[in-house]
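*Asks:*
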Amino acid sequence: MKTLKSMRLHIGIFGKTNAGKSSILNRITGQDISIVSDIAGTTTDVVEKSMELLPIGPVNFLDTAGINDSTELSKERIEKTMKILNRTDIAVIVCTPDGIDDYEKSLTEKFNELKIPFIILVNKTDISKINEETLNSLKDFTKNIILTSAHTDKDLVFKFKEALVKILPEDFVNSPKIAGDLIPEKSTVILVVPIDKEAPKGRIIMPQVQTLRDLLDSNCISIVVKENELKNALENLKTPPSLVITDSQAFKQVSEIVPDSIPLTSFSILFARLKGDLKAFSKGAKAIDKLQDGDRVLILESCTHHAIEDDIGRVKIPNLLKQKTGKNLIIENIAGHDFPDISKYKLIIHCGACMTNRREVLSRILIANKQNIPISNYGIVISYCLGILPRATGIFN
Ligand SMILES: Nc1nc2c(ncn2[C@@H]2O[C@H](COP(=O)(O)OP(=O)(O)O)[C@@H](O)[C@H]2O)c(=O)[nH]1
Ligand code: SF4
Ligand SMILES: [Mg+2]
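Counting in numbering that gives the first Met the number 0, the sequence shown runs from 0 upward without gaps.
(1) Can you tell me where the alpha helix (DSSP H) holding ALA279 begins and where it ends?
(2) Just the Cα atoms here: how many angstroms apart are PHE157 and HIS336?
(3) Can you find the residues in the same chain that come closer than 6 Å, C-beta to C-beta, to GLU331, ignoring five residues on each side of it along the sequence?
(4) Mapping the DSSP letters down to three states, classify LYS1 as helix, strand or coil.
(5) Report back the beta-carbon spacing between ARG295 and LYS343 to the nearest angstrom; my notes put them in contact at under 8 Å.
(6) Does the distance from the C-beta atom of LEU61 to that of ILE92 stay below 8 Å?
(7) Roughly how many angstroms lie between the CA atoms of ILE99 and LEU214, to the nearest whole one?
(8) What do you reckon, are the CB atoms on VAL448 and LEU190 nearer than 8 Å?
(9) Let me check you understand the geometry: is the CB of GLY335 closer than 7 Å to at least one non-hydrogen atom of ligand 3?
(10) Please classify ASN376: is it buried, with 16 or more other beta-carbons within 10 angstroms of its beta-carbon, or exposed?
(11) Within 7 Å: the Cβ of LYS109 and any heavy atom of ligand 3?
(12) For ligand 1, is there a heavy atom less than 7 Å away from the beta-carbon of ASP125?
(13) How would you write the range of the alpha helix (DSSP H) that LEU229 sits in, first residue to last?
(14) Could you give the C-beta distance for ILE10 and ASP88, rounded to a whole number, given that I count them as a contact under 8 Å?
(15) Would you say ALA279 and TYR383 are within 8 Å of each other, going by their C-beta atoms?
(16) Helix, strand or coil, according to DSSP, for THR324 in the structure here?
(17) Does LYS200 come out as helix, strand or coil in the three-state DSSP assignment?
(18) So GLY179 packs on SER217, CB below 8 Å; how close in whole Å?
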């Protein structure tokens, strides 16, 4: 099996000439990168478009030449289209409300053979409705069907992303890398772990353990220090470390010790990326500055853990928000896997999601985005309130 890791997700768009493939792609990318034409067969070659598809990540669209027996180049095109399959992680079949025939059916066979998950997107529903029989026949191929119109459906992009999240390959959605992909193999990394009264007895916490393991997997040299030993550790190294990772609470102090030339981030930022989407969460955090007296903020927790005295979702984050905004906010906590009605909130802050997977968090980001409600997470909000977000995310740029 090919490994995806931090590589771009390649999304192949297939279907007959004139089904509206290029129009769909233009709607998704928001740019006129594919030539759209009503003359059958304008897209004679593969048009590629790389973009950051929030909150899914880096993707590369492959807009394939359509297939239509009446066009001369058809045979050559079929071959080209088939070659694209080798680069396709996810496929989209675009068809009209008339449904699919042998060509698309043979594509689905290929997809199944190559284990490429796929979506069937029924376009042009503004011209005609799909009848029930046709729709049911499509369901024999996949349950992941979108009914839309590139011309009139305002929700097209949302529907597309929602369908995509459901079938994202596991190793793309749950990237196993925490920090190892950010630095060259065998690099030296310093981890700053404050041992204060909040530190658990006799051990270090899970995110720190997981980061250490991740760095070991990348053959890195990890040096673990308390913040007071950091200066000494830096001075003792012959060459500067590739990265310093610190607990957010010590970020201010650590950032004064670590020269600007050395990348610095926090454990919570690494985990915000692992369990969500850094860009979407960073964008969401900016809404903190706009909060007004009486605004409702929802803290969304993925599990009903036993709340501790200084609970991050119930005490720490509410306090930070009040300090940062100086406003009287109504902060509510909801726990569990159901996504509640979010319409009354001005900001959603998702927990670290240690007990759930990234796919669930991604769908929640999508729903919030669709309703124009900013969404962020614990790690990003903490960094934002402490004023350290720009430096802590520098390594990802
Ligand atoms: N009415 C309608 N026309 C569409 C829709 N999507 C695409 N078209 C038109 O169909 C024609 C072919 O579209 P294009 O995107 O080039 O198809 P492609 O060959 O599959 O890439 C163009 O004239 C588009 O404007 C749609 O949802 N509704
Ligand atoms: S961060 Fe982990 S423990 Fe805390 S609410 Fe979320 S899933 Fe539960
Ligand atoms: Mg086209």
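From the three backbone atoms N, C-alpha and C, an ideal C-beta is built for every residue, glycine too.
*Replies:* So, to answer that:
(1) Stepping through the sequence shown from its first residue, residue 279 is reached at position 280. Here the alpha helix (DSSP H) through ALA279 covers 277 to 284.
(2) The residue you call residue 157 lines up with position 158 of the sequence shown. The residue you call residue 336 lines up with position 337 of the sequence shown. Each residue's Cα considered, the two are about 21 Å apart.
(3) Here the question's residue 331 lines up with position 332 in the sequence shown. Correct list, in chain order: LEU297.
(4) Locating residue 1 in the sequence shown gives position 2, counting from the first residue. Residue confidence is low: LYS1 scores 35 on pLDDT, short of 50, so the model does not pin down where it sits. Its coordinate-derived value is still stated next. Coil.
(5) Along the sequence shown, one-based indexing puts residue 295 at 296. Along the sequence shown, one-based indexing puts residue 343 at 344. The Cβ separation is near 6 Å, so the contact holds.
(6) Taking the first residue of the sequence shown as position 1, residue 61 is located at position 62. Taking the first residue of the sequence shown as position 1, residue 92 is located at position 93. Their beta carbons are not under 8 Å apart, which means LEU61 does not touch ILE92 by this criterion.
(7) In the sequence shown, the residue the question calls residue 99 occupies position 100. In the sequence shown, the residue the question calls residue 214 occupies position 215. For ILE99 and LEU214, the distance between alpha carbons rounds to 48 Å.
(8) Outside the shown range of the chain, which is 0 to 396, sits residue 448, and nothing can be said about it.
(9) Working through the sequence shown from its first residue, we reach residue 335 at position 336. Incorrect: GLY335 has no Cβ contact closer than 7 Å to ligand 3.
(10) Looking up residue 376 in the sequence shown gives position 377. Answer is buried; the Cβ neighbour count reaches 16.
(11) Residue 109 sits at position 110 when you count from the first residue of the sequence shown. No, the beta carbon of LYS109 sits no closer than 7 Å to any heavy atom of ligand 3.
(12) Here residue 125 corresponds to residue number 126 of the sequence shown, with the count starting at 1. Yes, ligand 1 has a heavy atom inside 7 Å of this Cβ.
(13) Residue numbering aside, residue 229 sits at position 230 when the sequence shown is read from its first letter. Here the alpha helix (DSSP H) through LEU229 covers 229 to 235.
(14) Start at 1 with the first residue of the sequence shown, and residue 10 comes out as number 11. Start at 1 with the first residue of the sequence shown, and residue 88 comes out as number 89. Right, their Cβ atoms sit about 7 Å apart.
(15) For the purposes of this step, residue 279 is taken as the residue at position 280 of the sequence shown. For the purposes of this step, residue 383 is taken as the residue at position 384 of the sequence shown. Their beta carbons are not under 8 Å apart, which means ALA279 does not touch TYR383 by this criterion.
(16) As a position in the sequence shown, residue 324 is number 325, starting the count at 1. If DSSP states are grouped into helix, strand and coil, THR324 belongs with the helices.
(17) The residue given as residue 200 occupies position 201 in the sequence shown. The answer is coil: DSSP assigns LYS200 none of H, G, I, E or B.
(18) Within the sequence shown, residue 179 is the residue found at index 180, counting from 1. Within the sequence shown, residue 217 is the residue found at index 218, counting from 1. 3 Å between Cβ atoms; contact.
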